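Chains as they are written, first to last, in the numbering used here: chain C, 1 to 180; chain W, 1 to 180.
Where is the CB? At the ideal position from N, CA and C, for every residue including glycine.
A quick note: this is a predicted structure, and the numbers were derived from the prediction, not measured.
2 protein chains.
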Amino acid sequence: MSDSRVSSVIQEWGSSYPGQVHGQVLSSSNQGAPTNQMSPMDMMSYSQCQGIMRGGAEDREQVAFLSYTSGSGGSSHHQINAQQDFSPFLLPSLRAPVSKRVISKDSAEYRQRREKNNIAVRKSRDKARRRVLLTQQRALQLQEENQKLQVKVGQLSQELDTLRHILSQRHLQGPDEHGL
Amino acid sequence: MSDSRVSSVIQEWGSSYPGQVHGQVLSSSNQGAPTNQMSPMDMMSYSQCQGIMRGGAEDREQVAFLSYTSGSGGSSHHQINAQQDFSPFLLPSLRAPVSKRVISKDSAEYRQRREKNNIAVRKSRDKARRRVLLTQQRALQLQEENQKLQVKVGQLSQELDTLRHILSQRHLQGPDEHGL
DNA sequence: CCTGATTGCGCAATCA
DNA sequence: CTGATTGCGCAATCAG
């Protein structure tokens, strides 16, 4: 595991730095047993219904950029929480942003959660990659099989034509009984 | 292809490293028209051959620090930069970390480059998503076609059998002249 | 060298 | 609540 030599350098930024938001640094994950099973039917498509807003992500970044005060008030970013709870009348699905437990980015718990998520992400992406790969291979395989089948259909058709021709000739001579 | 899980380790260093530096590379371009063309055959797989070498490439990475002198924030930390780069003796391809232009993260240029790259990234990923989608659809389509072809082969085979049977019977009755 | 394209990765929001 | 997904930005590379 010569891999990451960075895990130990993570939480230094402890105090006040305006620049970059997340100072991601991780790695050091081992994946002994990738339990990536990938259920049989996993093919889903990309919900491509969000191409309208393009600046959104950036907003987040910008905001984080500015407000990040890694101390205790850490979790900074978008999410305007400014309602008085009339929400129950609007959409049942739109819950008021119940103030979530504020987790400082310094906390060990935070890092712990992050690390777990990072592992999950890697796992998920590995899975996705394998899935794509499998789909590609399947497509190629199907294409091959397809060609073979088409050739076969061609052969059979020709053979049929031949036999039909022969039969039709026999017809002229002694039409006994015939199926088709 | 590149790294593994060690790439993004550098985001905030306050290190003052005279030489070494990596210059991030970005881009500046247009973007009006989504020229996502996706050349005909773009299907390539995930070069999953990146787990073996962990040292060499990394060295270069290790050395990649910028001297980042941020205006407001004192971000500072990490990186063990321990080697002195004797690489020129190893592989001719491993160039000494020629100090690249130091680009402060505050600079407008930096943001500009980042933004360009972000756009490129989105574009590339959109393309990838479409590609995957197409592959999936193609696979499904091929599968359908395959089934149809198999059915057809079955039908033709049966028909052939029938005709052969008929012909063989004719044979028994009046073997005049016959093709096969 | 510069520039756009890729790609692994971490983050955060969301889903399940 | 926890793991899985997913959009996004970053940085390192690759490809011209």
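- Residues are counted here when their Cβ sits less than 8 angstroms from a Cβ of chain W; for the segment 107-135 of chain C these are ARG122, ARG129, VAL132, LEU133, THR135, given in chain order.
- Residue state for LYS127 (chain W) is assigned as helix, using DSSP reduced to three classes.
- Only exposed fits LEU172 (chain W), as fewer than 16 other CB atoms lie within 10 angstroms of its CB.
- Within chain C, the residues VAL153 have their CB atoms less than 7 angstroms from the CB of LYS152 (chain W), given in chain order.
- When rounded, the separation of the alpha-carbon atoms in ARG122 (chain W) and ARG129 (chain W) is 10 angstroms.
- Against chain C, the CB of LEU160 (chain W) has a partner CB under 8 angstroms away; the residue lies at that interface.
- Each residue's CA atom was taken as its position, placing TYR110 (chain W) and GLN150 (chain W) some 59 angstroms apart.
- No Cβ-Cβ contact shorter than 8 angstroms links LEU160 (chain C) with LEU167 (chain W).
- A Cβ-Cβ distance of about 36 angstroms is found for the pair LEU156 (chain W) and VAL132 (chain C), leaving them out of contact under the 8 angstroms criterion.
- Neighbours of ARG138 (chain W) in chain C, taken as residues at a C-beta separation under 7 angstroms, are given in chain order as ALA139.
- Around the beta carbon of GLN141 (chain W), a 10 Å sphere encloses fewer than 16 other beta carbons of the protein chains shown; the residue is thus reported as exposed.
- GLN136 (chain W) and GLN136 (chain C) have their C-alpha atoms spaced approximately 8 angstroms apart.
- Contacts between SER157 (chain C) and chain W, judged by CB atoms closer than 8 angstroms, involve LEU156 in chain order.
- Within 9 angstroms of the CB of LEU172 (chain W), no CB atom of chain C is found; the nearest one sits about 11 angstroms away.
- Between ARG170 (chain W) and ARG170 (chain C), the CB-CB gap stays under 8 angstroms.
- Shown here, SER157 (chain W) sits in a helix according to DSSP, grouped into three states.
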